[in-house]
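Mature numbering (1 follows the signal peptide of the UniProt record, and there is no 0) puts the sequence shown at residues -36 to -1, 1 to 134.
All C-beta atoms, glycine included, are put in the ideal place defined by N, C-alpha and C.
Please read all numbers here as calculations on a predicted model, not as lab measurements.
Just below is one structure, and these are the notes that go with it.
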Amino acid sequence: MSVAGRFTGRVSAALWMAAALLVAAGWLAPVAPAQAEAKVVYHADYSDPRRFSAMLTSINNMITTYKSDLRDYDVRIVFVAHGIRFLTDDALADTPFAADAALRERRDNLKGRLRSLADVHGVKLELCNITRSEIGLAEDDLYAGVEMVQSGVVRIAELQQEGFAYIKIE
């Protein structure tokens, strides 16, 4: 065998060995850790149905992204003060939170979207019990699945201490 033939054979063998090592290293490389669960709390304390609609759209987009990334999530909405308007069909007459024409016009749509986020996507709905009790609204008048928390702002602070990102739609 000529010198050139032996050289070509050695280079070829070395390349095959290097390729085999790279393949083995890829198989033995540690698997990237799964992303941590996304934890987000939305603060709803306003009366504007358009703003509430924007929040629902934001949450839907967030969940769609997390699901496409195969990422676990814990998304919550904490309702305080005027936010109670979006958790009941009661007109809340003679309260600071009484339903106006804008809410009455959009209520069914908003309710359906909120129910979908809660029922299909697991978004948790938490209402400040101080707000509810101040206006004398019975818990039975709330949409199914709404959880009472002693104080909405305290709950938001607790969730932030647990690592939840805070979002308030402006």
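Contact between the stretch 59 to 70 and the stretch 26 to 41 is absent: fewer than 3 CB-CB pairs across the two stretches fall below 8 Å. Your pair Leu78 and Leu20 checks out as a contact, with CB atoms roughly 6 Å apart and the cut at 8 Å.
Distance from the CA of Arg15 to the CA of Asn93, rounded to the nearest whole angstrom, comes to 23 Å.
Listed in chain order, the non-local C-beta contacts of Gly47 below 6 Å within the same chain comprise Ala8 and Asp9, local neighbours out to five positions each way being set aside. DSSP, read as helix, strand or coil, puts Arg35 in coil.
Within the same chain, no Cβ atom closer than 7 Å to the Cβ of Asp12 is found once the five residues on either side in sequence are excluded. Secondary structure remark: continuous alpha helix (DSSP H) runs of at least 4 residues inside the stretch 51 to 119, in chain order: 65 to 83 and 93 to 98. Minimum Cα-Cα distance from Asp53 among the listed residues Leu74, Ala(-1), Val117 and Glu111 corresponds to Leu74.
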